[in-house]
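Down below is the structure, laid out as structure tokens.
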Amino acid sequence: MQQFYELTRDQAPRTYAWRTVNNQFYVHFHSTVELIYVEEGILCTMQNGVVSMVGAGQLVVNSSYIVHSYSTPEYSRIIVATIPLSAVPSLRTVLSSHRFNQGIVDARRIKECRLIMRMMADTDHSQNVCFINSLAEALLALLIDKIGLSPSETDKESDLTKRIVSYLQENAAEEITVESVAAHFGYSVGRFSHIFNKQIGSSFTRYLNNIRCRMAQRMLEAEDLPIIDVAHACGFGSVRTFHRVYKECIGKTPRSEQRVVN
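Printed below as a string of structure tokens:
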């Protein structure tokens, strides 16, 4: 589950592709182009506030800075490809200022899409960076030809959503509430909550807890710190609340996470 600006993907120097089952990833955005090919099952996607159910044989296309998230209602098996613009130099300029005309593509009608996505995810090629980047460039060029591009336009609510998400990421460890954040952006709580729920598909509290729990997970994986220190560093007022929320978001307790790491 990670809408915040996902710096880690934009810092990646190369294309990555991998298979995953029952994907869940909360609202985020980045300059990197992100593609998801559904091999089996159903994936629920959100792109700039629009929710779609994506079935086997379909390709999700997230252009640069599209606000998006994923969840799996029951079962899904997918291939994810993240393509930094720096990895596709011949297309970098046009993709930085344009968006694909479709967010969901029937890849069954473009057999090369399926083939290239599967080749990129093949572990035999994972260390061949030049080969993977070349495949990514070919795939994006193919999509440009098949579905086309339009100049990027940002509507008011999408722009606000990005600013809110960036603010939450930067201030998640502080004592912030829906009231304080709404006031910061000059909105009433009611109007702010309406925009937030529409664009992100989650309540403010649940989304903030997801950010805090991911922060905590990274700390638990990186350092041997007391649980109470991790809880307070990530904005939780008590260890009891931290344990409960972490279990809800991550699916396991902080202590079990520490045991796995240690």
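Going by the working numbering, the letters in the sequence shown line up with residues 39 to 300, in that order.
Cβ atoms here follow ideal geometry from the backbone N, Cα and C, with glycine treated the same way.
#1: Any contact between the region 89–101 and the region 134–153? By contact I mean 3 or more CB pairs, one from each, below 8 Å.
#2: Can you give the Cα-Cα distance for isoleucine 142 and asparagine 209, rounded to whole angstroms?
#3: Whole angstroms is fine: what's the gap from leucine 178's alpha carbon to threonine 199's?
#4: For glutamate 72, write down the residues that DSSP places opposite it in a beta bridge.
#5: Classify histidine 232 as buried or exposed, calling it buried when 16 or more other Cβ atoms lie within 10 Å of its own Cβ.
#6: Does the Cβ-Cβ distance between alanine 174 and isoleucine 117 come in under 8 Å?
#7: I think asparagine 248 touches cysteine 287, with their Cβ atoms under 8 Å apart; what is that distance to the nearest whole Å?
#8: Would you report the Cα separation of aspartate 197 and glutamine 237, rounded to the nearest angstrom?
#9: Using 8 Å for Cβ pairs, my map puts tyrosine 108 next to asparagine 171. What's the rounded Cβ distance?
#10: Taking 8 Å as the threshold (C-beta atoms), are cysteine 82 and proline 111 in contact?
#11: Looking only at its chain, what residues have a beta carbon closer than 7 Å to the beta carbon of glutamate 77, apart from the 5 residues adjacent to it on each side?
#12: Please name the residue, chosen from His68, Tyr64, Val92 and Gly87, that lies closest to isoleucine 74 on a Cα-to-Cα basis.
#13: Does any heavy atom of the ligand FMN sit closer than 7 Å to the C-beta of valine 167?
#14: If you drop the 5 nearest sequence neighbours on each side, which residues of the same chain put their C-beta closer than 8 Å to that of glutamine 15?
Concretely, from the data shown:
#1: yes
#2: 33 Å
#3: 27 Å
#4: Asn100 and Thr120
#5: exposed
#6: no
#7: 5 Å
#8: 10 Å
#9: Actually they do not touch by this definition, with Cβ atoms about 24 Å apart.
#10: yes
#11: Ala94, Arg115, Ile116 and Ile117
#12: Val92
#13: Among the components of this structure there are no ligands whatsoever, and the ligand FMN is therefore not found.
#14: The displayed coordinates of the chain run from 39 to 300. Any statement about residue 15 would go beyond what the structure contains.
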